[in-house]
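Participant: Residue numbers for the sequence shown follow this note's numbering, beginning at 401 and rising by one.
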Amino acid sequence: MTRRQKMLALVKSKPLPGLELREVPVPDIGPHEVLVKVRACSICGTDLHLYRWDGAIKERARTPLVIGHELCGYVVATGRAVERLREGDYVSADSHLPDWTCAVCRQGLPHLCRNLQILGVDRPGAFAEYVAVPESSLWVNDTTLDPAVASIQDPMGNAVHAALAEPVSGRSVVIFGDGPTGLGATAVANASGAWPIVLVGLSTFLLEIGAQVGASLCINAGTQDVLSEIQRLLPDGADVVLEMSGSPAAVRQGLQVLKPGGCFIAFGLPAEKITLDLGAEIVFKGVRLIGVTGRRLWDTWYQMGALLRSGKVDFQPIITHRLPFTQWQLGFEQLLAPERQAAKVVLFMDPEDEAMRSAARR
401 MTRRQKMLAL VKSKPLPGLE LREVPVPDIG PHEVLVKVRA CSICGTDLHL
451 YRWDGAIKER ARTPLVIGHE LCGYVVATGR AVERLREGDY VSADSHLPDW
501 TCAVCRQGLP HLCRNLQILG VDRPGAFAEY VAVPESSLWV NDTTLDPAVA
551 SIQDPMGNAV HAALAEPVSG RSVVIFGDGP TGLGATAVAN ASGAWPIVLV
601 GLSTFLLEIG AQVGASLCIN AGTQDVLSEI QRLLPDGADV VLEMSGSPAA
651 VRQGLQVLKP GGCFIAFGLP AEKITLDLGA EIVFKGVRLI GVTGRRLWDT
701 WYQMGALLRS GKVDFQPIIT HRLPFTQWQL GFEQLLAPER QAAKVVLFMD
751 PEDEAMRSAA RR
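1. Span of the alpha helix (DSSP H) holding Thr700?
2. For Ala565, name the three-state secondary structure that DSSP assigns.
3. Below 8 angstroms on the Cβ atoms is my contact criterion, and I expect Ala650 with Val600 to pass it. Report the Cβ-Cβ distance as a whole number of Å.
4. Can we say the region 630–650 touches the region 567–583, given the rule of at least three CB pairs closer than 8 angstroms?
5. Just verifying my parser: in three-state terms, what is the DSSP assignment at Ile552?
6. What does Gly508 pair with, by DSSP beta-bridge criteria?
7. Please report the straight-line C-alpha distance between Leu485 and Gly668, rounded to a whole angstrom.
8. Could you check where the beta strand (DSSP E) with Gly473 kicks off and where it finishes?
9. Counting pairs of beta carbons, one from the region 456–476 and one from the region 524–539, are three or more of them closer than 8 angstroms?
10. My understanding is that Val426 touches Gly473, with C-beta atoms under 8 angstroms, so please give their C-beta distance in whole angstroms.
11. Please state whether DSSP places His432 in a helix, a strand or coil.
12. Name the DSSP beta bridge partners of Asp688, please?
13. Report the CB separation of Pro431 from Ala481 in whole angstroms; it is logged as a contact under 8 angstroms.
14. With DSSP as the reference, identify every bridge partner of Gly488, one or two as the case may be.
15. At the level of alpha carbons, what is the spacing between Met749 and Met407?
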């Protein structure tokens with residue numbers, strides 16, 4: 401292809417709240433990298449932290465930075481050492497970029513790499529017309545896959561990893577957290593034969609989506625007694641608890657409703673340290689505790705691909721907004737609104753849209 405010199409990108413230009421749409425150089429690619437022309441990208445919680453410039457992310461990210469790590473697009477150029485991918489391939493990226501050489505990677509756990517980099521945090525990201533990605537971090541999509549769904553496979557992969565970390569078929573499952581990964585985990589647990597599935601959250605809007613994707617019972621923790629409602633349905637406790645929110649209250653409630661010998665899957669990241677009674681809550685209950693981060697490369701992606709192709713999982717209800725890339729501000733505002741009426745917001749890129757360039761110049 402004829403390489404353009406400049407592209408539009410959403411940039412964290414200063415270590416202050418806010419983002420800026422502006423022109424930046426099209427990235428060069430290394431020998432093992434490919435250049436992806438972005439078709440769609442979706443907004444993640446990490447992007448919200450970068451926008452607000454709060455939390456631990458401000459200690460890690462360095463400005464100026466093109467943000468964003470959830471994407472799909474087409475390969476338009478390949479490095480000289482690239483072997484598997486070809487120009488025109490329709491791809492999505494796993495945003496966690498392992499080095500593939502540390503002891504953990506060599507033991508078959510690259511998602512836990514000691515030197516892990518994150519796209520859009522440690523290197524330029526995908527909220528741009530083009531992004532450079534290592535070949536080893538790209539997944540080739542079915543050509544019929546909706547670009548909106550293709551762009552959210554990274555976070556939905558978190559949901560698949562968490563929901564399938566423990567066999568759930570024929571098991572009772574309680575999920576804390578009605579954000580996109582909690583909703584995705586609900587859909588996956590439902591497709592995998594879990595019953596009943598209880599979803600606990602704080603948003604009536606999001607809980608309604610939870611019911612749509614398979615929750616048997618939705619509990620609003622802001623207006624209902626969580627423990628009483630769960631006990632009414634599951635007097636003996638839950639077989640499996642997925643903690644997807646990071647809320648200290650949810651962690652404690654999750655351990656309370658888990659039956660002896662049950663499995664507690666921890667995915668949510670608490671903003672503060674949590675004190676637990678290890679003996680009473682874990683040891684004497686015989687709890688199996690599993691920490692989940694990222695996606696198992698590439699096992700989780702194969703599982704997710706099979707679930708999508710089978711039609712047993714449909715992530716479409718979780719995609720509440722589809723917007724042009726130039727309306728990125730609206731997308732962020734929807735996700736940050738006090739009365740949140742959004743789950744996943746997908747931004748569609750059209751590199752030939754002159755309106756994008758006009759917006760960047762204003």
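Where is the CB? At the ideal position from N, CA and C, for every residue including glycine.
Facilitator: The relevant details are as follows:
1. Translated into positions along the sequence shown, residue 700 becomes position 300. Residues Asp699 to Ser710.
2. Against the sequence shown, residue 565 aligns to sequence position 165. DSSP places Ala565 in coil when its eight states are reduced to three.
3. On the sequence shown, residue 650 is found 250 positions in, with the first residue counted as 1. On the sequence shown, residue 600 is found 200 positions in, with the first residue counted as 1. Contact flag correct, Cβ pair sits at about 7 angstroms.
4. yes
5. Here residue 552 is taken as the residue at index 152 of the sequence shown, counted from 1. Here Ile552 sits in coil by DSSP.
6. By one-based count along the sequence shown, residue 508 stands at place 108. Gly508 is not bridged to any residue.
7. Taking the first residue of the sequence shown as position 1, residue 485 is located at position 85. Taking the first residue of the sequence shown as position 1, residue 668 is located at position 268. So the alpha carbons of these two residues sit roughly 34 angstroms apart.
8. Counted from its first residue, the sequence shown places residue 473 at position 73. Element bounds for Gly473: Glu470 to Thr478.
9. yes
10. Within the sequence shown, numbered from 1, the residue matching residue 426 stands at position 26. Within the sequence shown, numbered from 1, the residue matching residue 473 stands at position 73. Not a contact, Cβ separation roughly 13 angstroms.
11. Counting from one through the sequence shown, the residue named residue 432 turns up at place 32. In this structure, His432 counts as coil in the three-state DSSP scheme.
12. Taking the first residue of the sequence shown as 1, we reach residue 688 at position 288. It is worth fixing the name first, because residue 688 is Arg in this sequence and not Asp. DSSP, once it has assigned bridges, lists Cys663 as partnering Arg688.
13. Taking the first residue of the sequence shown as position 1, residue 431 is located at position 31. Taking the first residue of the sequence shown as position 1, residue 481 is located at position 81. With a Cβ gap of about 4 angstroms, Pro431 and Ala481 count as contacting.
14. Taking the first residue of the sequence shown as position 1, residue 488 is located at position 88. BP columns for Gly488 are empty, so no partner.
15. Taking the first residue of the sequence shown as position 1, residue 749 is located at position 349. Taking the first residue of the sequence shown as position 1, residue 407 is located at position 7. So the alpha carbons of these two residues sit roughly 11 angstroms apart.
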